[in-house]
Amino acid sequence: MQEGYRTISGALFRAPNIEHNNRDHIPWNAKAERMDRNWITVNGTQDFTIQEVYQKLFQKSYADWLEKEHKKCRAKDAPATYYEKILNDKQKHVSYEIIWQIGDMDDTGYDQDLKAALAAESVLKKFMERLMHRLPNVTFMSKERIEDPGWKPPFEAGIIITNLAFNGDESTPHVHMTFVPYADNCSRGQKTQNALAQTFSRMGYKTTMQQAVDLAEDFVWQDTPEGRKPQMVRNAYGAVEWIEEQKNWIANLMKLKYEWERLYKGKNQRGDLLLSDYRRERAAE
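Next comes the structure, spelled out in structure tokens:
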């Protein structure tokens, strides 16, 4: 570890473990004497259920779409709820999770360097406040909002936080943020959808594609029933762009408060890349 440097993680997952995050069951590596360092800002297991979130955000739109499809003699086998539809979808996921962390167990661990761990903890706490109250196109679910018939997200596309928990009883302080992507006034399909790429794109963070190339830098093609088509790959991922923006905010705060610089790890070196391009490549890793 370079003195005065810390990594910043923002790992995106598609299978959140809310029971673990909220300590409904205690992981093997948790320390009982630090359990009081845990806190939950948005509780998606006690205050409401994910099924209630889907009922609130999507069900009316889905029912309207389903009625139209049935009149056209389509979607005969569609499930009765949007939650079930997404649960059975092979590409979409009911919710997503980002784990935010500063440093690692060696340079910011509670047991190895308590002062550094507490410093990282304070930065992450400020970041949680930012997630809750200071970011456009980000809001959170609560019991009151579930029960309020007039409440709806204050944007057409954004992130609905369904669980936000800080864990301080493991080796290194970190935050679990579980969310549902929300896109309203969609032009295809039902009006309101769980659509990850579309949500981030409409937030200003586009996912784009380009034709793949092989090791010889020749274009890659694929044969399909409709003929020969280019093999496409992502060259920009909207969710990664948004995550990288938040990591830059964390980096600025930890530098201001503790004079820590952000440390990049991995295979790629910056070389002649612009810093913005380098950061995107590192985030994509």
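Per numbering that gives the first Met the number 0, residue 0 is the first one in the sequence shown, and the count goes up by one each step. Even for Gly, the Cβ is constructed at its ideal location relative to N, Cα and C.
Nearest to residue i (by Cα), restricted to the options the options
{"i": "K114", "options": "G149, V179, P229 and Y257", "result": "Y257"}
{"i": "P152", "options": "E240, D222, W38 and V52", "result": "V52"}
{"i": "I101", "options": "Q210, N166 and F218", "result": "N166"}
{"i": "D168", "options": "L65, N37 and M131", "result": "N37"}
{"i": "P229", "options": "R33, K30, V219 and P26", "result": "V219"}
{"i": "T207", "options": "G237, S141 and V179", "result": "G237"}
{"i": "I158", "options": "T107, T177, P148 and W150", "result": "T177"}
{"i": "R187", "options": "D147, W64 and S141", "result": "W64"}
{"i": "L123", "options": "Y263, I7 and E2", "result": "I7"}
{"i": "D103", "options": "E243, D217, I25 and Y4", "result": "Y4"}
{"i": "A116", "options": "V232, R33 and S200", "result": "R33"}
{"i": "I145", "options": "E225, E120, F57 and C185", "result": "F57"}
Run of the alpha helix (DSSP H) containing residue i, from where it starts to where it stops
{"i": "T198", "result": "L195 to R201"}
{"i": "Y81", "result": "Y81 to L86"}
{"i": "M131", "result": "L113 to H132"}
{"i": "H69", "result": "Q58 to K70"}
{"i": "A250", "result": "G237 to Y257"}
{"i": "R144", "result": "K142 to E146"}
Contacting residues, own chain, Cβ-Cβ under 7 angstroms from residue i (five flanking each side not counted)
{"i": "E128", "result": "none"}
{"i": "K254", "result": "E260"}
{"i": "L130", "result": "V137, I160, L163 and M176"}
{"i": "G9", "result": "I97, W99, I242, Q245 and K246"}
{"i": "L29", "result": "First, the residue type needs correcting, since residue 29 is Ala and not Leu in the sequence shown. D168 and E169, listed in sequence order."}
{"i": "G108", "result": "A116, S170 and T171"}
Where residue i falls, given that 16 or more other Cβ within 10 Å makes a residue buried
{"i": "A156", "result": "buried"}
{"i": "M202", "result": "buried"}
{"i": "A79", "result": "exposed"}
{"i": "H160", "result": "For clarity, residue 160 is Ile in the given sequence; the question names His instead. Classification for I160: buried."}
{"i": "E66", "result": "exposed"}
{"i": "D105", "result": "exposed"}
Same chain only: Cβ atoms within 6 angstroms of residue i, ignoring 5 sequence neighbours per side
{"i": "A164", "result": "N20, N21, I39 and H175"}
{"i": "D110", "result": "none"}
{"i": "Y204", "result": "G237, E240 and W241"}
{"i": "Y61", "result": "Y81 and Q189"}
{"i": "Q50", "result": "Y82"}
{"i": "F154", "result": "N136"}
Run of the beta strand (DSSP E) containing residue i, from where it starts to where it stops
{"i": "R22", "result": "First-last for R22: undefined, no H or E at that position."}
{"i": "Y95", "result": "Y95 to I101"}
{"i": "W38", "result": "W38 to V41"}
{"i": "F12", "result": "I7 to F12"}
{"i": "R227", "result": "G226 to P229"}
{"i": "T171", "result": "Counting along the chain, T171 falls outside any beta strand (DSSP E), and DSSP gives it neither H nor E."}
{"i": "Q221", "result": "W220 to T223"}
{"i": "T138", "result": "V137 to F139"}
Neighbourhood of residue i by C-beta, 8 angstroms cutoff - its chain only, sequence neighbours within 5 removed
{"i": "F126", "result": "W99, V174, Q245, W248, I249 and L252"}
{"i": "E68", "result": "A74 and A77"}
{"i": "S275", "result": "Note on S275: pLDDT 49, under 50, position unreliable in the model; no value is reported."}
Exercise for the section: Answer yes if the stretch 41–55 comes into contact with the stretch 11–27, meaning at least three C-beta pairs across the two stretches below 8 angstroms, and no otherwise. Expected result: Inter-segment contact for the stretch 11–27 and the stretch 41–55 is present: three or more beta-carbon pairs are separated by less than 8 angstroms.
Handout entry: Given 8 angstroms, three or more beta-carbon pairs between the stretch 190–198 and the stretch 167–176
Key = These segments do not touch.
Exercise for the section: Report yes or no: do three or more beta-carbon pairs, one from the stretch 208–216 and one from the stretch 134–151, lie closer than 8 angstroms? Expected result: Using a C-beta cut-off of 8 angstroms, the stretch 208–216 makes no contact with the stretch 134–151, since fewer than three inter-stretch Cβ pairs fall below that distance.
Practice task
Report yes or no: do three or more beta-carbon pairs, one from the stretch 88–100 and one from the stretch 2–20, lie closer than 8 angstroms?
Solution key: Contact annotation: the stretch 88–100 touches the stretch 2–20, with at least three C-beta pairs closer than 8 angstroms.
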